[in-house]
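Remarks on the structure that follows.
There are 2 protein chains.
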Amino acid sequence: MVHYQTRLDTTFAALSDVTRRGVLERLGNSDASVTDLAQRFHMTLTGMKKHVSILEQAGLVTTEKVGRVRTCKLGLRRLEEEAAWIEQHRQLWSARFDALDELVEHLKRKEKADAQRKRR
Amino acid sequence: MVHYQTRLDTTFAALSDVTRRGVLERLGNSDASVTDLAQRFHMTLTGMKKHVSILEQAGLVTTEKVGRVRTCKLGLRRLEEEAAWIEQHRQLWSARFDALDELVEHLKRKEKADAQRKRR
DNA sequence: TTGATAGTGAACCATATGGTTCACTGTAGA
DNA sequence: TCTACAGTGAACCATATGGTTCACTATCAA
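Protein chains in written order, with my numbering: chain A, 55 to 174; chain B, 55 to 174.
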């Protein structure tokens, strides 16, 4: 259970940075070298390397080094856990708002009834 | 566009902490005061207050202070953007893995054909 | 009125994060 | 072989984060 928590931690943290989300989108188009990514995001090689490492750590990206270039591609994890977590909470949210809607409807009906009673 | 990015930033960052995800789950059951939450998560009032503020900032929680107690409840945002982002990328992932599957199938067929050709 | 309770804000602390530079290794090509 | 290029790692820096304590305000209840 703790493990599960930690994984959500690292994934959400990985996703909380614009650059890293950008890298994921970029890799959605095609694989890219670290240099490609560094240039695209106006950053030093070292800086980009760190981002790539974090994404790799989170399992969102895999890399392979052939010759002197390291190629990055989308990783094996498909964000299923994260999607599940968010979906679960969206449902919770929805359920509560539905309840609120019902309450509002109930109050409206009551108000209407009161008004009619008064009129008589 | 930048605004969109920033919002995803803050939400994902808000979600990347175990305690804060815990608070959201807790609030899914029922509303709670800051003191309730602080006790439940073994933390000082001040500490919990900070978490609540972050969740509020991200729009995931709303609070109302009546008398001396501030009650927290699930906020108006329903994580739709975040779900959309993740869903979009899950599809990307899936698409790429499907392509991989096809490639594998193709190679299998080729291999089989080669084997048959060899046998003759 | 007085004492306990709930929250707030400022200051502080240790550690994490996102970035850099610099020195280095390994590889590709002329 | 020599040079340029891709990546790596260590050191450093500024700022953010997650937490604390302490002093304060406001409210509730006896």
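Note that beta-carbon positions come from the ideal geometry of N, C-alpha and C, so glycine has one too. Bear in mind the structure is a predicted one, so any value in this text is a computation, not a measurement.
When beta bridges are read from the DSSP output, A/L128 appears opposite A/V115. The C-beta of A/L146 comes closer than 7 angstroms to at least one C-beta of chain B. Here B/S87 carries a strand assignment [DSSP, helix/strand/coil]. Taking C-alpha positions only, B/A68 is separated from B/A112 by approximately 7 angstroms. For B/A137, the residues of chain A that pass the 9 angstroms Cβ criterion are A137, I140, E141 and R144, in the order they occur in the chain.
By the criterion of at least three beta-carbon pairs nearer than 8 angstroms, the stretch 122-140 of chain A is not in contact with the stretch 99-118 of chain B.
By the Cβ-count criterion, A/E118 is exposed, with fewer than 16 other Cβ atoms from all chains shown falling within 10 Å of its own Cβ. Selection A/W147, A/R131 and A/L99 evaluated against A/L62 yields A/R131 as nearest (Cα-Cα). At a C-beta separation below 7 angstroms, A/L78 has these neighbours in chain B: H143. In this structure A/A92 is buried. Its beta-carbon is surrounded by 16 or more other beta-carbon atoms within 10 angstroms.
None of the residues of the stretch 87-107 of chain A has a beta carbon lying less than 8 angstroms from any beta carbon of chain B.
For A/R132, a Cβ of chain B is located within less than 7 angstroms of the residue's own Cβ.
For B/A86, the closest of B/G101, B/T116, B/I140 and B/Q142 by C-alpha to C-alpha distance is B/T116. DSSP lists A/V123 as the bridge partner or partners of A/V120.
With contacts defined as CB atoms closer than 7 angstroms, A/H105 and A/R74 qualify as a contacting pair. In the structure shown, the three-state DSSP call for B/T98 is coil. For A/L69, a Cβ of chain B is located within less than 7 angstroms of the residue's own Cβ. Per DSSP, reduced to three states, the secondary structure at A/D63 is helical.
Only residues of its own chain outside the window of five on either side were considered, and among them T65 and L114 have a CB closer than 8 angstroms to the CB of B/L133, listed in chain order. Judged by DSSP in its simplified three-state form, B/L133 adopts coil rather than helix or strand. The beta-carbon of B/D63 is placed less than 7 angstroms from the nearest beta-carbon of chain A.
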